[in-house]
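J.:
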Amino acid sequence: MHEQLRQDAKGAILFDATVSPQVDGPWFDADHWRGQGALSTQSGGRGGVAIIHTPAGECVLRHYRRGGVVARLMGDRYLWTGADRTRSFREFRLLQTMAKLQLPVPQAVAAQYRHAGLHYRADLIMRRIADTYTLADGLAQGRLDTELAREVGALVARFHRAGVWHADLNAHNVLIAPSGLYLVDFDRGRMRTPELGWRMANLQRLRRSLFKLGAAEQGEAVFDQMIWTPLMDSYERTLSA
């Protein structure tokens with residue numbers, strides 16, 4: 002990994018030169034890729050995600066957007082507190098740190114921010130992981146069983162053992178691929194000293210997500226026996242390995 006920085010009067014681009022020797026502003030513009038016939042899908046919502054076909058391969062382009070009540074006031078703007086504190090630069094660097102730790106995450110390609118006055122807007126490009134579906138999709142399709150639950154527990158434990166805190170650990174951010182399981186969307190994530198408190202809070206967030214998606218429709222006792230207890234057993238074994 003070789004971090005390169007390009008700056009101009011309105012912002013900066015941070016990119017991994019081992020993935021692409023040159024990244025410029027149009028890379029972060031979905032319309033640019035659409036005009037070249039290189040944009041396959043685009044979704045709205047909080048993330049503003051597009052699948053783009055770049056010289057570095059198939060990638061995911063994500064535009065940072067606020068959620069909740071603040072979104073109505075700020076939209077995609079964030080308070081400027083310095084380049085190194087932008088959402089995009091912090092997530093880019095966290096992805097690189099996790100890759101060095103051999104954790105299963107998307108490969109960071111490039112990040113940018115555009116600064117105007119008190120605010121900035123930001124984008125992130127990552128290599129797309131092929132042939133995936135989310136844990137949420139798997140649950141909806143009836144694929145969440147005891148064995149998959151064990152795999153999810155082991156996955157989360159690997160990140161917690163390394164001191165990685167995921168700010169929004171939920172079933173939509175666990176990807177299942179032929180090559181294994183991955184965690185995605187590390188916006189606001191960070192490295193922390195491993196402690197029981199934040200680790201358990203992280204896991205409870207995942208549990209609430211599964212409940213919200215209907216994993217316990219047969220009752221909490223069945224969910225605990227078939228899903229959560231195997232998940233936690235695998236988590237504890239992996240954490241102490």
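Residue numbers (the working numbering): 2 to 242.
Cβ atoms here follow ideal geometry from the backbone N, Cα and C, with glycine treated the same way.
Please read all numbers here as calculations on a predicted model, not as lab measurements.
1. Bridge partners of V165, per DSSP?
2. Quick one: residues in its chain with C-beta nearer than 6 Å to the C-beta of R200, no 5 flanking neighbours on either side, listed in chain order?
3. State the DSSP-derived secondary structure class of I239, mapped to helix, strand or coil.
4. Using a Cβ-Cβ cut-off of 6 Å (strictly less than) and excluding sequence neighbours within five positions of I126, which residues of its own chain qualify?
5. What is the residue span of the alpha helix (DSSP H) that V223 lies within?
6. Which residues does DSSP pair with E4 in a beta bridge?
7. Considering only C-alpha positions, which residue in the set S210, R115, P107, K101 is nearest to D77?
8. Taking the Cβ atom as the reference point for each residue, do Y65 and A123 lie within a distance shorter than 9 Å?
9. Taking C-beta to C-beta, are N174 and T133 nearer than 9 Å?
10. With DSSP collapsed to three states, give me the class of L102.
11. So the alpha helix (DSSP H) H33 belongs to, where does it begin and stop?
12. Going by the DSSP bridge assignment, what does Y183 pair with across the sheet?
13. Going by the beta-carbon positions, is the gap between G12 and Q103 smaller than 9 Å?
14. Measure from the alpha carbon of L204 to the alpha carbon of each residue in V157, T239, L182, then state which is nearest.
15. I'd like to check one pair, A150 with L232: are the Cβ atoms closer than 9 Å?
16. D138 by DSSP, collapsed to three states: which one?
T.: For this structure:
1. For the purposes of this step, residue 165 is taken as residue 164 along the sequence shown, with counting starting at 1. Note: V165 sits in a beta bridge opposite M192.
2. Here residue 200 refers to the residue found at position 199 when the sequence shown is read from its first residue. In its chain, beyond the 5 residues on either side, H161 have a beta carbon closer than 6 Å to the beta carbon of R200.
3. The residue you call residue 239 lines up with position 238 of the sequence shown. First, the amino acid is wrong: residue 239 is Thr here, not Ile. Judged by DSSP in its simplified three-state form, T239 adopts helix.
4. As a first step, residue 126 must be located in the sequence shown, where it is residue number 125. Here the set comprises C60, L62, V110, A111.
5. Your numbering for residue 223 matches position 222 in the sequence shown. Element bounds for V223: 221-224.
6. Numbered from 1 along the sequence shown, position 3 holds the residue referred to as residue 4. Assignment of beta-bridge partners to E4 by DSSP yields D17.
7. Taking the first residue of the sequence shown as 1, we reach residue 77 at position 76. Out of S210, R115, P107, K101, R115 has the C-alpha closest to the C-alpha of D77.
8. Here the question's residue 65 lines up with position 64 in the sequence shown. Here the question's residue 123 lines up with position 122 in the sequence shown. Yes, the Cβ-Cβ distance between Y65 and A123 is below 9 Å.
9. Here residue 174 refers to the residue found at position 173 of the sequence shown. Here residue 133 refers to the residue found at position 132 of the sequence shown. Judged by their CB atoms, N174 and T133 are not nearer to each other than the 9 Å cut-off.
10. Taking the sequence shown and counting its residues from 1, the one referred to as residue 102 is at position 101. Reduced to three states, the DSSP call for L102 is coil.
11. Indexing the sequence shown from 1 puts residue 33 at position 32. Start and end: 31-36.
12. The sequence position of residue 183 within the sequence shown is 182, counting from 1. Partner residues in the beta bridge of Y183, as assigned by DSSP, are L176.
13. To locate residue 12, count along the sequence shown from 1; it is residue 11. To locate residue 103, count along the sequence shown from 1; it is residue 102. Going by C-beta atoms, G12 is not nearer than 9 Å to Q103.
14. Position 203 of the sequence shown, counted from the start, is the residue given in the question as residue 204. For the options V157, T239, L182, the alpha carbon positioned closest to that of L204 is the one of V157.
15. Along the sequence shown, one-based indexing puts residue 232 at 231. Along the sequence shown, one-based indexing puts residue 150 at 149. Between L232 and A150, the CB-CB gap stays under 9 Å.
16. In the sequence shown, the residue the question calls residue 138 occupies position 137. Looking at D138 - three-state DSSP - the assignment turns out to be helix.
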